Structures are given as C-alpha cells and as structure tokens.
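Chemist: In the order they appear, the protein sequences are chains S and V. As numbered in my numbering, residues 1 to 153 make up the first sequence, in order. As numbered in my numbering, residues 154 to 306 make up the second sequence, in order. Using N, Cα and C, we set each Cβ at its ideal position, and we do this for glycine too. Keep in mind it's a predicted model, so treat the numbers as computed, not measured. Have a look at the structure that comes next, please.
2 protein chains.
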Amino acid sequence: MHNKRELFQIMTRRFGLLNKNCCTIDGHDLSAAQSHILYEIDRQAEASMQQIAETLGTDITTFSRQVQALIKIELVQKEPDPMDRRVSLLSLTMTGKSIADTIDEQMNSYLDEVFSYLTEFEQETILRSIYLLNEAMAKSSRCCSPVGEKQLF
Amino acid sequence: MHNKRELFQIMTRRFGLLNKNCCTIDGHDLSAAQSHILYEIDRQAEASMQQIAETLGTDITTFSRQVQALIKIELVQKEPDPMDRRVSLLSLTMTGKSIADTIDEQMNSYLDEVFSYLTEFEQETILRSIYLLNEAMAKSSRCCSPVGEKQLF
DNA sequence: CATTTTATTTGCATAATGCAAGTTATATTT
DNA sequence: AAATATAACTTGCATTATGCAAATAAAATG
C-alpha cells in the first residue's frame, strides 16, 4: 500500500509547513531557520559557531550571517572562548531564551492537539517509535551529519 | 525526559538533511525543492499548478518559476486543461518519471538501511505510528494546509 | 620564529523569494 | 451580448538567502 518514503515525505512536509514562517512573538518576526537556531543554541549550552552550524547542516558562512542578524535583534550573544579566542561561544539573551521557550510551548501545544486525536496507547507508541527511529538514523552511515546525537542518546 | 517537540525536531531535521542537495541523477543535479515537485506531480496525476503549489505550501509565483525550470530541463510538461484553458495541467516527461522513480528508490533504500537497525516488530510499529500520526495531523485544525490528504487517507 | 592549520568573517556573484501588476480565459451582471 | 468581475497563471522588481573564494585573526606545529 503506502511505501515508506510516502509516509515520511508527507510527515516531514507537514512539520515543515508547521515551522514555516514559524512565529511572530513579542513583535519579533522569526523565520523557521531562525527558530531552529535559537532551539539549537538553547539545547547545546555554550557551543561554538561551528558546532551549531554543523548540527543544523548549514554552511558556516551562511550561519555566520544568520547569527549576526540574531545578535542585531538581541536574541543571541556571542563571546570569545577564553580557552581559544578564535572560537565564539553562542548563547541566548534573556529575550532570546524567553522567545525560544514560547516557541517550544507553541510547538508542544500544537503537538498536543494532534495527539488529542489519538488514544493514550497510540500516543505512547508513536513517541517511542520516533525515539527508536532517531536512534536508528543516528546509526546510519548514509545519513545526516551530526544533529545532536550526543545530546539525545 | 525528552519532550515531544525535541523528538520531532530531531527527526525532521534528519530527513531535511537527507533531502538536502537531494540528488544528482543521470547528469541532472536536482535540489530538494525540485525533487519534491517531481514527487508531487507524479503522485497527483494531471493536477493543476495551483493544486501542486498549494500541496507543497509554495507561493504560486515561485512555483511558476520552479516549474519553468523543470520544463526547461525536460522533466516536466505543462498542457492547457481542455475544460478550462486558464488551467495548466502538469505531468512528468518520460525522463522526469524515470528520475522521480530513481529518487524514490534511493530514498526507500536509505530508509531500508535505517530500518535494518530495528527489529521486524519495531519496523512495523514505526510505520504504523507514522501512518497514525499523518492521520492525526490531517485532522488538526491548526496545521499545515492541504498536503494531499485526499490521496493518502 | 616561520609555517600551517583552524575558526570565523567578508566580497561577490548567483539563486530563491514574494508582492504588485500584467495577461488571458471563464463567470456573472446588466 | 457587452460589460464587469473573478480566476489561473506569468512577469517585473526589489529583497533576501546562499555558498564559494579570499581575508583576517588566533592557535598549533615544525
């Protein structure tokens, strides 16, 4: 009936659409890319430019400019690593953290709504499935560069 | 432990990376966007520009140009709808179909590899989970414009 | 100390985006 | 059956995003 790819294609497209023009919060109008950067800076405490860029699969030069934009609107901070002053450590400002949290709540609230159409058992099965899937993808040789396995598994 | 959003964020990012710079096939160097268009034209037989654009969540003017590019490299055809000549019906050329099939094989082969790290039972559970998830998202009021529910469910 | 490597930024040229306005075809009024 | 409105698509244009190559600055290595 439905092949694997079809299922995944539809699913990821839906999440893509959900993220798209992700959010206007407190007058800040963020793109999907920006919300992903905030998310990842929040998750990887005190990470370098390169680490976050690589996690997100973004070219470092593009990422450099994306970060500049987020610094300009005061959601992100950059400070030189005292151990190695070539490195810039990224962190969220208080505003940035608060916006990242709001986005997280919005996403979880959307997911809660989706899950409300499912039984308790189905919900747990799905979450466990995605967990397993992420583990399996992390093992795959053919995929997907580092995307934070260390943090997740 | 892991919240919903985290699981989904990681998963969709991985698939995004997989799609990214999706494929070079028979000398054709396709972007992720192009492969998604081929996929959707293949799936929705004889659909109009607007239908595909809306399915993909792409602005119609951007989509118009994307289609022009695919026509230029002879992967896509456009013909006026005899019922309403304002409408352009899209279809794949033979080359386009063959490339779409190859991409499909590649994606499924990647997914097979990922699934090889899982037990038979886990594999079935995951596929069923994604199916249920897609159904639930289709029911959601807050998400994701039409993305082909009619075809899937 | 000279050379190489690494982390990040900038220059530049190219591609992608989307709004507003245009074109052509169908629907609806009058 | 004009005349007007609406719909499907395309094009102009200005903005933004992209990424390679080259530049800068700070380690690391010889």
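With 8 Å set as the bound, which would you pick, yes or no: does the beta-carbon of PHE268/V sit closer than that to a beta-carbon of chain S?
Modeler: As a first step, residue 268/V is located in the second sequence; it is residue number 115 there, counting from the start. Yes, contact with chain S.
Chemist: By a C-beta neighbour count over all protein chains shown, 10 Å radius and 16 as the cutoff for buried, is HIS189/V buried or exposed?
Modeler: In the second sequence, residue 189/V corresponds to position 36, counting from 1. Its Cβ being crowded by 16 or more others within 10 Å, HIS189/V is buried.
Chemist: Any chance you could list the alpha helix (DSSP H) runs of at least 4 consecutive residues sitting entirely within the stretch 199-282 of chain V, in chain order?
Modeler: Counting whole runs of 4 or more residues, the stretch 199-282 of chain V contains the alpha helix (DSSP H) stretches 202-209, 213-225 and 247-268.
Chemist: Check whether the Cβ atoms of ARG14/S and MET290/V sit closer than 8 Å, and answer yes or no.
Modeler: On the first sequence, position 14 is the one that residue 14/S refers to. On the second sequence, position 137 is the one that residue 290/V refers to. Yes, the pair counts as a contact, with Cβ atoms nearer than the cut-off.
Chemist: Any Cβ of chain S within less than 8 Å of the Cβ of THR165/V?
Modeler: Start at 1 with the first residue of the second sequence, and residue 165/V comes out as number 12. At least one chain S Cβ lies under 8 Å of THR165/V.
Chemist: My output table needs one value for HIS28/S: the three-state DSSP class, helix, strand or coil.
Modeler: One-based indexing of the first sequence puts residue 28/S at position 28. The answer is strand: DSSP assigns HIS28/S an E or B state.
Chemist: Taking the alpha carbon of SER201/V as the point to measure from, which residue in MET260/V, PRO235/V and ILE256/V has its own alpha carbon closest?
Modeler: On the second sequence, residue 201/V is found 48 positions in, with the first residue counted as 1. It is PRO235/V.
Chemist: Check whether the Cβ of ARG158/V lies closer than 8 Å to any Cβ atom in chain S.
Modeler: By 1-based counting over the second sequence, the position of residue 158/V is 5. So, interface residue.
Chemist: Return no unless some Cβ of chain S is closer than 8 Å to the Cβ of SER293/V.
Modeler: Mapped onto the second sequence, residue 293/V falls at position 140. Yes, SER293/V lies at the interface with chain S (some Cβ there is under 8 Å from its Cβ).
Chemist: Going by DSSP, what residue range makes up the alpha helix (DSSP H) through ARG14/S?
Modeler: On the first sequence, position 14 is the one that residue 14/S refers to. Residues 4-19.
Chemist: Label GLN221/V either buried or exposed according to how many other C-beta atoms from any shown protein chain fall within 10 Å of its C-beta, with 16 as the threshold for buried.
Modeler: Counting from 1 along the second sequence, the entry for residue 221/V is found at position 68. So GLN221/V ends up on the exposed side.
Chemist: Exposed or buried, ILE10/S, counting other C-beta atoms within 10 Å across all chains shown (16 or more means buried)?
Modeler: For the purposes of this step, residue 10/S is taken as the residue at position 10 of the first sequence. By the 10 Å Cβ count, ILE10/S comes out buried.
Chemist: Looking at C-alpha atoms only, which residue of ASN3/S, ILE52/S, SER116/S and SER31/S is the closest neighbour of SER294/V?
Modeler: Counting from one through the second sequence, the residue named residue 294/V turns up at place 141. The shortest Cα separation from SER294/V among ASN3/S, ILE52/S, SER116/S and SER31/S belongs to SER116/S.
Chemist: Thinking C-alpha only, which one of LEU18/S, ARG85/S, ASP29/S and ARG43/S is nearest GLU74/S?
Modeler: As a working note, residue 74/S is residue 74 in the first sequence. Measuring from the Cα of GLU74/S, the nearest candidate turns out to be ASP29/S.
Chemist: Answer yes or no: does any C-beta atom of chain V fall closer than 8 Å to that of GLY148/S?
Modeler: For the purposes of this step, residue 148/S is taken as the residue at position 148 of the first sequence. Bear in mind that a pLDDT of 39 at GLY148/S, under 50, signals an unreliable position, so the number given afterwards is only what the model happens to contain. Yes, contact with chain V.
Chemist: Using a beta-carbon distance below 8 Å, is GLY249/V in contact with chain S?
Modeler: Translated into the one-based positions of the second sequence, residue 249/V becomes position 96. No - not a single Cβ of chain S is within 8 Å of the one on GLY249/V.
Chemist: Quick one: is GLY27/S near chain V, going by C-beta distance under 8 Å?
Modeler: Residue 27/S sits at position 27 when you count from the first residue of the first sequence. No, because no Cβ of chain V sits closer than 8 Å to the Cβ of GLY27/S.
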